[in-house]
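Residue 213 in this note's numbering sits at position 213 of the sequence shown; the count goes up by one each step and never skips.
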Amino acid sequence: KIEGRVVDEDEQPLAEVRLAAFPADARVVLPGRRGSEKDLIESAVDGYFAVEDLAEGQRYNLFVRKKGYLHQELLAVTAPTQEPLHIVLEAGSQVRGRVVDGRSEGVPDANVHLVEGGPGLAHQGRMFPRGSGSSWGTTDASGSFVLEGVQAGVYELEAVAHSYQRAEIGPVEVVKGRDVEGLEVTLEKGATLEGRVLASGGRPVIEARIWVEEPETQAFGHRSPAAGDRTDGDGRFRLEGLGTGNHVVRAKHPQLLEGRQEIEIQPGVNRIEIALESGWTVSGKVVDTQDEPIAGAQVGL
Numbered sequence: 001k002i003e004g005r006v007v008d009e010d011e012q013p014l015a016e017v018r019l020a021a022f023p024a025d026a027r028v029v030l031p032g033r034r035g036s037e038k039d040l041i042e043s044a045v046d047g048y049f050a051v052e053d054l055a056e057g058q059r060y061n062l063f064v065r066k067k068g069y070l071h072q073e074l075l076a077v078t079a080p081t082q083e084p085l086h087i088v089l090e091a092g093s094q095v096r097g098r099v100v101d102g103r104s105e106g107v108p109d110a111n112v113h114l115v116e117g118g119p120g121l122a123h124q125g126r127m128f129p130r131g132s133g134s135s136w137g138t139t140d141a142s143g144s145f146v147l148e149g150v151q152a153g154v155y156e157l158e159a160v161a162h163s164y165q166r167a168e169i170g171p172v173e174v175v176k177g178r179d180v181e182g183l184e185v186t187l188e189k190g191a192t193l194e195g196r197v198l199a200s201g202g203r204p205v206i207e208a209r210i211w212v213e214e215p216e217t218q219a220f221g222h223r224s225p226a227a228g229d230r231t232d233g234d235g236r237f238r239l240e241g242l243g244t245g246n247h248v249v250r251a252k253h254p255q256l257l258e259g260r261q262e263i264e265i266q267p268g269v270n271r272i273e274i275a276l277e278s279g280w281t282v283s284g285k286v287v288d289t290q291d292e293p294i295a296g297a298q299v300g301l
């Protein structure tokens, strides 16, 4: 087992700290995310914890989480621990604000993210900073949000909501020991793109994945996904909350070639049809060095 004690910066024990240990070489879902709840344990009133039923001599990554504190990841901890671990969690800051529409009315159920970096980096593929704590959240009925356990640093604040265009503000500077209040992100209603995905002969393509990419950014020459959907039984789709301007629309189905079309999105409802062509079939046989067939091999182009 891996055991130890969790305390705060004043060496006071922390209860209800959530911990999970995963093999160091495993690809895992982080604790607290969907699908991983069964792997979590919690520290006791005195801060003590014990992760049991671990393989002796194997190395584990230990994830430590508590609301309002910076998250920690202890890498390559060998089980069993020779001495109890002493884990100190640092309190994070709160970031509070509101997401509103063009009439200054609150937008409920908007997703809010704090992303480390300078202006324009909020959705350029940047990962949330390690140890940043709860740097994402959702607005309440009034459009208000509270992000807790945020690490000191400079961030972009990004907000996304259904049928609205993505928006970001920044830089947002978080200073250790201080909360940030009064932030406001304004979301503008986005344009709509609807249409159909068709195969040869005008046959509708069902369950095709379709997505829209934003224009290339001047700084990075990089396209970011703006919205996505899947076609229905008639091959139809509808995407909302798009920004205006030139976009690239892509459609993909496992049995057809990927389709691509450029479109200039105008305010209001835009319509488009995308045709997917049939591809070639490639067949063959996988064998070993003795020319014996290998079953279950994965083959791709």
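The beta-carbon is built from N, C-alpha and C at its ideal position, and this holds for glycine as well.
Selection from Thr-138, Glu-116 and Arg-98 that minimises the alpha carbon distance to Ala-110: Closest option to Ala-110, Cα to Cα, is Thr-138.
Sequence ranges, alpha helix (DSSP H) only - wholly within the region 229–289, length at least 4: Complete alpha helix (DSSP H) runs here, min 4: none at all.
Close Cβ partners of Gly-92 (< 7 Å) along its chain, the five nearest in sequence each way excluded: Correct list, in chain order: Gly-68, Tyr-69, Leu-70, Gly-133, Glu-148, Gly-149, Val-150 and Gln-151.
Residues bridged to Gly-97 [DSSP beta-bridge criterion]: Note: Gly-97 sits in a beta bridge opposite Phe-145 and Leu-183.
Coil, strand or helix - Gly-202 by DSSP: In the structure shown, Gly-202 sits in a helix (DSSP, three-state: H, G or I).
Nearest to Gly-190 (by Cα), restricted to the options Arg-203, Tyr-164, Val-212 and Thr-81: The shortest C-alpha separation from Gly-190 is found at Tyr-164.
Residue environment, Gly-221, which counts as buried when at least 16 other CB atoms sit within 10 Å: Since pLDDT at Gly-221 reaches only 40, below the 50 mark, its modelled position is unreliable, and no value is offered.
Beta carbon of Val-146 nearer than 9 Å to that of Gln-82: Cβ atoms of Val-146 and Gln-82: not closer than 9 Å.
Enclosing beta strand (DSSP E) for Glu-16 [first to last residue]: Neither: Glu-16 is in no beta strand (DSSP E) and is coded neither H nor E.
Classification of Thr-217 by the beta-carbon crowding that lies within 10 angstroms, buried from 16 upward: Residue confidence is low: Thr-217 scores 42 on pLDDT, short of 50, so the model does not pin down where it sits. Its coordinate-derived value is still stated next. Exposed.
Val-99 beta carbon less than 9 Å from that of Gly-106: A Cβ-Cβ contact shorter than 9 Å links Gly-106 with Val-99.
Classification of Ile-274 by the beta-carbon crowding that lies within 10 angstroms, buried from 16 upward: The residue in question, Ile-274, is buried, as its Cβ has 16 or more Cβ neighbours within 10 Å.
Glu-158, enclosing beta strand (DSSP E) - first and last residue: Per DSSP, Glu-158 belongs to the beta strand (DSSP E) from 153–160.
C-alpha distance - Ile-2 paired with Ala-55, whole-angstrom precision: Spanning the alpha carbons of Ile-2 and Ala-55 requires a straight line of approximately 10 Å.
C-alpha distance - Val-112 paired with Arg-238, whole-angstrom precision: In this structure, the straight-line span from the alpha carbon of Val-112 to that of Arg-238 is close to 23 Å.
Classification of Arg-5 by the beta-carbon crowding that lies within 10 angstroms, buried from 16 upward: Counting Cβ neighbours within 10 Å, Arg-5 comes out buried, since at least 16 surround it.
Ser-104 classed as buried or exposed, judged by whether at least 16 other C-beta atoms fall within 10 angstroms: By the 10 Å Cβ count, Ser-104 comes out exposed.
Coarse secondary structure for Gly-171, derived from DSSP in three states: In the sequence as presented, Gly is not what sits at residue 171; that position holds Pro. The three-state reading of DSSP puts Pro-171 in strand, counting E and B together.
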